[in-house]
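A short write-up of the structure that comes next.
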Amino acid sequence: TLHRHLSTSSSSGGIERMTVFGAGLMGAGIAQVGAQNGLKVILSDVTDQALQNGLQIITKSLGRVAKKKAPDDIEGFTREIMANIETTTDSAKAVEEADLVVEAIIESLKVKRDLFGFLDTKAKEKCIFATNTSSLSVTEIAESCGQSRQANFAGLHFFNPVPAMKLVEIIRTPHTSDSTYEALRAVTTRMGKAPVTCKDTPGFIVNRLLVPYMLEAIRMIERGDATPEDIDQAMELGAGYPMGPFKLLDFVGLDTTAYISSGWREKAAQGQISEELVRPIPILDEMVKQGRLGRKSGKGFYDVSSVFGGLD
Ligand code: NAI
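In the UniProt record's numbering, the protein residues as written are 30 to 341.
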């Protein structure tokens, strides 16, 4: 019974081989859900150490999945899925045969454009390129490629932690073709995700609504309206949210939120989002300066171990 742990669903818009760039938190998760659903995955990063780090993230996560799905054969389950993942630091080789490239490297327009510009000359003409950017313009990233590739280019925005979060946002630029869009819907569905579609606008759907909400929560404590604890309790018990805005800020990272909102201030100047929503917040900037970043630094609005101790 070879492949007994793998999903056998076959309709994935012609995509069988996926190459993921960036073996960090997001790239590892994307590689994992691809491999778990039968795609042949290549994971690429700039150093062997980063690749090892990615494989470790995947192994650990698969161990958790296996406990539920194959409690009697955790090792076999993990081995079978890991057999679908190869790694390389050679980015040209990584895309030679790819049907789909998903980029999840650092959030820098220049670095992403450099990578895609290079890959455009190495990948098959039909290969679809996708970026997992949260805050950059997908269209501006795509413009690093030639015209025909721009038709095969879209945003594919996954959520952290990728294996657990069902949603993926598919971002269409003005150049994204219908066939590219349909192929991405098919492959993300095969990966067990529920796709939604959005135009290339600041924050797409989820962050466009969530970021201003979290920023307004910080302004509430700045004004002394209520405490973080009471605001979180109010949104959890009164709005039914799984975590209130301050727990969410600590989870996402205060630096990430500050970075997104400062990026949006430029877009506000161009009229793409209201200025009012992204006004600077002194408390937020000060906390970031002090290194109080949330979960990743151990302290944010909360002493984070007390809130997230059990999350890993
Ligand atoms: P991370 O810092 O965990 O991983 C980034 C990885 O990219 C590192 O391993 C780094 O060595 C590698 N890298 C850097 N330059 C590279 C290059 N030129 N070629 C290949 N690999 C390269 O970052 P994370 O959190 O996984 O984020 C990746 C992307 O996903 C970013 O664009 C981020 O905005 C986006 N994103 C992040 C989310 C999150 O919650 N962390 C959620 C959704 C999107």
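Using N, Cα and C, we set each Cβ at its ideal position, and we do this for glycine too.
Remark: the C-beta of Leu144 is in contact range of the ligand NAI, defined as less than 8 Å to any heavy atom.
Taking 8 Å as the cut-off, the C-beta of Met47 does not count as close to any heavy atom of the ligand NAI. The Cβ atoms of Lys151 and Phe187 lie no closer than 9 Å to each other. Under the three-pair Cβ rule at 8 Å, the segment 229-241 counts as touching the segment 162-177. Not one heavy atom of the ligand NAI is found less than 8 Å from the C-beta of Asn66. Around the beta-carbon of Ile59, 16 or more other beta-carbon atoms lie within 10 Å, marking it buried.
The DSSP-derived three-state label of Ala193 is coil.
Between the C-alpha atoms of Gly320 and Glu211 there is a straight-line separation of about 43 Å. Collapsing the DSSP output to three states places Asp229 in coil.
Apart from sequence neighbours up to five positions away, no residue of its chain approaches Met111 with a beta-carbon distance below 6 Å. Less than 9 Å separates the beta-carbon of Lys325 from that of Gly282. DSSP places Ala152 in no beta strand (DSSP E); its state is neither H nor E. Counting only the Cα atoms, Asp259 lies some 46 Å from Asp143. Residue range Phe182 to Phe187 is occupied by the beta strand (DSSP E) that includes Ala183. DSSP places Leu72 in the uninterrupted beta strand (DSSP E) bounded by Lys69 to Ser73. The beta carbons of Gly184 and Ala133 sit no closer together than 9 Å.
Per DSSP, Arg46 is not a residue of any alpha helix (DSSP H); the beta strand (DSSP E) it occupies stretches across Arg46 to Phe50.
In the DSSP assignment, Thr117 falls within the beta strand (DSSP E) that extends over Ile114 to Thr117.
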